[in-house]
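Enquirer:
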Amino acid sequence: MGDSQYSFSLTTFSPSGKLVQIEHALTAVGSGQTSLGIKAANGVVIATEKKLPSILVDEASVQKIQSLTPNIGVVYSGMGPDFRVLVRKSRKQAEQYHRLYKEPIPVTQLVREIAAVMQEFTQSGGVRPFGVSLLVAGFDDNGAQLYQVDPSGSYFSWKASAMGKNVSNAKTFLEKRYTDDMELDDAVHTAILTLKEGFEGQISSKNIEIGIIGTDKKFRVLTPAEIDDYLAEVE
Amino acid sequence: MSQAAVEVPPKGGFSFDLCRRNDMLSKKGVPLPSFRKTGTTIVGLIFQDGVILGADTRATEGPIVCDKNCEKIHYMAPNIYCCGAGTAADTEAVTEMVNSQLQLHRYHTGGRESRVVTALTLLKSHLFNYQGHVQAALVLGGVDVTGPHLHTIYPHGSTDSLPFATMGSGSLAAMAVFESKYHEGLTREEGINLVCEAICSGIFNDLGSGSNVDICVITKGHKEYLRNHHMPNPRTYFHSQGFSFPKKIG
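Chains as they are written, first to last, in this note's numbering: chain F, -10 to 224; chain S, 30 to 279.
1) May I ask you to list the residues that DSSP assigns as paired with S:Lys57?
2) Excluding the five sequence neighbours on either side, which residues of its own chain have a C-beta within less than 7 Å of the C-beta of S:Ile247, listed in chain order?
3) Chain S beta carbons: is any one of them nearer than 8 Å to that of F:Arg73?
4) Specify, as a first and last residue, the run of the alpha helix (DSSP H) that F:Phe162 falls within.
5) Could you tell me which of S:Leu74, S:Leu54, S:Arg50 and S:Thr69 sits nearest to S:Gly214, measuring between CA atoms?
6) In this structure, how does DSSP classify S:Ile81 when only helix, strand and coil are distinguished?
7) Round the Cβ separation of S:Pro192 and S:Leu179 to the nearest angstrom and send it over; I've been treating them as touching at under 8 Å.
8) Quick one: which chain F residues come within Cβ less than 7 Å of S:Ser129?
9) From S:Cys197 to S:Gly231, what distance separates their C-alpha atoms?
10) State the DSSP-derived secondary structure class of S:Gly113, mapped to helix, strand or coil.
11) Under 9 Å Cβ-Cβ, which residues of chain F neighbour S:Glu100?
12) Distance cutoff 8 Å, beta carbons only. Does F:Lys81 sit that close to anything in chain S?
13) Could you please give the first and the last residue of the uninterrupted alpha helix (DSSP H) stretch that includes S:Met204?
14) So which residues of chain F does S:Tyr136 contact, with C-beta pairs closer than 7 Å?
15) Keeping to the same chain, check which residues put their C-beta closer than 6 Å to that of S:His258; ignore five residues upstream and five downstream.
16) Are F:Lys7 and F:Gln22 touching if we call contact CB-CB under 8 Å?
17) Go ahead and label S:Gly42 buried or exposed: buried means 16 or more other beta carbons lie within 10 angstroms of its beta carbon, across all protein chains shown.
18) Show which residues of chain F have a CB atom less than 8 Å away from the CB atom of S:Glu125.
19) Would the segment 94 to 103 of chain S count as touching the segment 133 to 146 of chain S if we require 3 or more Cβ pairs under 8 Å?
20) Strictly under 8 Å for the Cβ-Cβ distance: is S:Glu213 near chain F by that measure?
21) Under the three-state reduction of DSSP, which class applies to S:Gly91: helix, strand or coil?
22) Taking Cβ-Cβ distances shorter than 7 Å, what residues in chain F pair up with S:Leu133?
23) Please report how far the alpha carbon of F:Ser150 lies from the alpha carbon of S:Val163, in whole angstroms.
24) Does F:Glu172 get closer than 8 Å to chain C when you measure Cβ to Cβ?
25) S:Ser44 to S:Gln160, Cα distance in whole Å?
26) Just mark S:Met204 as buried or exposed, buried being the case when its beta carbon has 16 or more other beta carbons within 10 Å.
27) Beta carbon of F:Gln55, beta carbon of F:Val63: below 8 Å?
28) Less than 7 Å between C-beta atoms, sequence neighbours within five positions excluded: which residues of the same chain meet that for S:Met30?
29) My parser needs the beta strand (DSSP E) runs of 3 or more residues fully inside the segment 30 to 68 of chain F; what are they?
30) Who are the near neighbours of F:Asn196 in its chain, counting only those whose CB is closer than 7 Å to its CB and skipping five residues on each side?
31) Do you know offhand how far S:Leu61's Cα is from S:Met53's?
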């Protein structure tokens, strides 16, 4: 329709009631590398493809899964530099919350603050929305939680979700495979199988990244050796 | 355009607006309200495996003991602790702020262990910026990749790096003990005993220090916070059945 005439300005609604820049941001996310998260009965796992532009890139220096607090981790699909900025802001906000209330920030609160930052960038002058969707995994007093945050600033709690290139296949696969009483180890296997579904080339510990958090409430990224073990179990 | 007085939001830093009011009040004979100082004896020493910090536990408000068992050894990082003397609120606030900054720094540098000199520089820059108005005198100690470190930080922002150090109103009493008994290569037991002796010297000879001894031992990859390690001032007399005063009738 006349949508394209409104697609240049972030802060102008199109006649059909959409903010076209945000749609474009979601497209940027949709062409990013696949990432997914699964909430198990006793923890959460998040995983992503780690396809590097060339074999010359030192894959140990690339960390797509980051921790925001000792018990909250995050993965993304979309633009890496935007992710870095959001991670930095979120860590600072989590620290400020802790300084003010003297308790570790609950997962929902942190997600809300990240979403608020992302929304700010959809209603300000001279900025563009973030080109990432985030999957935030955490374990606090309310148990295991998994949230997805979109460039618009909207967030949803998921039992299992996927984002990026292969999202529809991955979500269908997850819908079939997900059970409410899954254990964390089963969830890791399911995550690997889901990544394998749309994977171009041979899956190995060098081109995927997995982060888990269990009842110990300590988020950690699995080492390549641990990923190899899980891959062997899945074969 | 009327009254072009623009309200500029404060850019941080100390706001000296009320100093004129305080001056005027004190000229009229109104005394400044007293604030809670920690009085204090705080010490630190380097022993063969790392650093030992010690502190007393009395907090004073003028002539009154307002806290008989306060905590003066503050956590900065898993491998760094800081003792604080001076105004209690200042030492608390400044150590918590730097603790937070160190935590963020660790996230941004991939979980690398914080260095003592990092904490030192963050603290001294903050104190220098406030030109001594933040009255915190600190003994900072820790063990990092470069080895054990012990520093003293003065309220105006100057620092010293020493093998043994004391601060606070009881510092002279404690330093007397250190100067006569400190030597290099102390073992853990010897170090703890020496720190305990120095703090006790402050507790018994300085009115601003008292109650119990807190100790913190930091070695490579390990730390032990010995809260109330030594309690030389127990409450001796208790009425075994308690008291029951009759209620006033009429």
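The beta carbon of each residue, even a glycine, is placed where N, CA and C say it ideally should be. This one's a predicted model, so the numbers in the text were calculated from it and none came from an experiment.
Expert: Put simply:
1) Its beta-bridge partners do not exist; DSSP assigns none.
2) Gly79, Val80, Asn108, Tyr110, Gly170, Gly171 and Val172
3) no
4) Val156 to Arg166
5) S:Leu74
6) strand
7) 7 Å
8) Glu84 and Arg88
9) With the sequence shown as reference, residue 197 of chain S is identified as Gly, and Cys is not the correct amino acid for it. Their backbone Cα atoms lie some 9 Å apart in a straight line.
10) strand
11) Simply none; closest approach about 14 Å.
12) yes
13) Ser200 to Lys210
14) Arg80
15) Val242 and Ile244
16) no
17) exposed
18) Arg88
19) no
20) no
21) coil
22) Arg80, Lys81 and Glu84
23) 50 Å
24) Chain labels in this structure do not include chain C; the protein chains are F and S.
25) 12 Å
26) buried
27) yes
28) Note that S:Met30 scores a pLDDT of 45, beneath 50, so its modelled location is shaky; the value from the coordinates is reported in the next line. None.
29) 32 to 38, 55 to 58 and 61 to 67
30) Glu38, Lys39 and Lys40
31) 11 Å
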